[in-house]
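Residue numbers for the sequence shown follow the numbering used here, beginning at 27 and rising by one.
We treat Cβ as the ideally placed atom computed from N, Cα and C, and that holds for glycine.
Worksheet: the structure to be examined is printed underneath.
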Amino acid sequence: MSYATIQVKPVTPQLGAEISNIDLTAALSNQQVEDLHTALAEHQVLFFRDQKINLEQQKTLGRHFGDLHIHPNTPGPEGHPEILPIHADANSKRANGENWHSDVSCDVEPPLGSILYLHTVPPTGGDTIFASQSAAYDALTPAFQSFLDGLTATHSGDRSYRRTNRLLGIDDRNKVFPQAVHPVIRTHPVTKRKGLFVNENFTMHINELSAEESRSVLDFLYAHSTKPAFQVRFSWQSDSIAFWDNRAVQHIAMWDYFPQTRSGYRVTIKGDRPY
């Protein structure tokens, strides 16, 4: 694949690319935006260095890909409801993204993608690992692919968000969190590749199976979908950005840097109903 305005260096054969020759703090041309759209579809997660972006610039970048999503549990800073703060330090009881997941898959229309900017990072650790769900699907036998096609799963925000709120001492008894039914195998709307769409954070059960069958199948899929062969690992530096396609990847953030600080902001882009 050739690009007119950016340099794209693949990180692994399955997913991930380092993007250079672009300034995300500046106004982007139509061709730059088109190249980023193409690179995201091809590589599933994009990495940028030395991008000292502010909140308005980050939101503008996200809007090149769609309307911005507001998180159902965590409010943004004053005046920026579309921003999700990402922060952990010596006083934290948890860190964002400690389990494998696709962001807010409990929404009826789960996010298209997420753009995370970190301005403060620990001396070591704090990596984010991504796993290609299309590569995971392709590695299944045709017989198991056929078995999964047509199955649906219930995703719910209750378990994850209420667990977080308990840790933080937040009373959420009056809150109602999203719940949705999605296909276990979804088709990417741009590439048309099939991929797994279940994750341990939000998926509750497979609807067409008994509870015991569902647990067994989901346990297998959770282990299979995050194998090292489908992964790319991003080591953060200050003023780095990762932009991932929630329709194609899962990710997990390593909280191996306590009591050091890791801090920044995430913008999430609205998506559509999986099919």
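Check, Outcome
"For the beta strand (DSSP E) that contains T146, what are its first and last residues?", "139-146"
"Whether or not the region 135-152 and the region 284-300 are in contact is what I'm after, with contact meaning three or more pairs of Cβ atoms, one per stretch, closer than 8 Å; do they touch?", "yes"
"Starting from the N-terminal side, write out each stretch of the alpha helix (DSSP H) that is 4 residues or longer and does not extend beyond the region 226-272.", "237-251"
"Distance check for S28 and D61, CA to CA, integer angstroms please.", "9 Å"
"Which partner residues of Q33 appear in the DSSP bridge assignment?", "S46"
"Mind checking who S289 pairs with in its DSSP beta bridge?", "H113, T146"
"Using 10 angstroms around the beta-carbon of H181, count the other beta-carbons present and answer buried if the total reaches 16, otherwise exposed.", "buried"
"For F173, tell me which candidate among P209, G152, S158 has the shortest Cα-Cα distance.", "P209"
"Could you name the residues of the same chain whose beta carbon sits closer than 6 Å to that of R192, not counting the 5 residues immediately before and after it, in chain order?", "none"
"D298 to T213, Cα distance in whole Å?", "12 Å"
"Among residues of its own chain, excluding the 5 on either side of R75, which ones have a beta-carbon nearer than 7 Å to its beta-carbon?", "Q263, S266"
"Among W270, A255, A268, G102, whose alpha-carbon lies nearest the alpha-carbon of P39?", "A255"
"Going by beta carbon distance, what residues of the same chain come within less than 8 Å of H97, once the five residues before and after it are set aside?", "L110, V130, T294"
"Please list the segments of the beta strand (DSSP E) lying wholly inside the region 46-105, counting only runs of 3 or more residues, in order along the chain.", "71-74"
"When you compare the CB of K253 with every CB in chain D, is at least one pair closer than 8 Å?", "The structure shown contains no chain D, having only a single protein chain."
"Looking only at its chain, what residues have a beta carbon closer than 6 Å to the beta carbon of K7, apart from the 5 residues adjacent to it on each side?", "The shown model of the chain, from 27 to 301, leaves out residue 7, and the question about it has no answer."
"Please determine, among R188, Q77, K220, the residue with the shortest C-alpha to C-alpha distance to T100.", "R188"
"Cβ of I278 within 8 Å of Cβ of N125?", "yes"
"Among residues of its own chain, excluding the 5 on either side of D164, which ones have a beta-carbon nearer than 6 Å to its beta-carbon?", "none"
"So the candidates are H231, Q257, V258; which of them puts its Cα closest to the Cα of D245?", "H231"
"Where does Q40 sit, in a helix, a strand or coil, going by DSSP?", "coil"
"Just how far apart, CA to CA, sit F284 and D115?", "7 Å"
"Going by DSSP, which residues form a beta bridge with W194?", "Note that residue 194 is Leu in the sequence shown here, rather than Trp. None; L194 has no bridge partner."
"Going along the chain, which residues of its own chain have a beta-carbon closer than 6 Å to the beta-carbon of H90, five neighbours each way excluded?", "V59"
"Look at the Cβ atom of E104, then the Cβ atom of K85, and state whether they are nearer than 8 Å.", "no"
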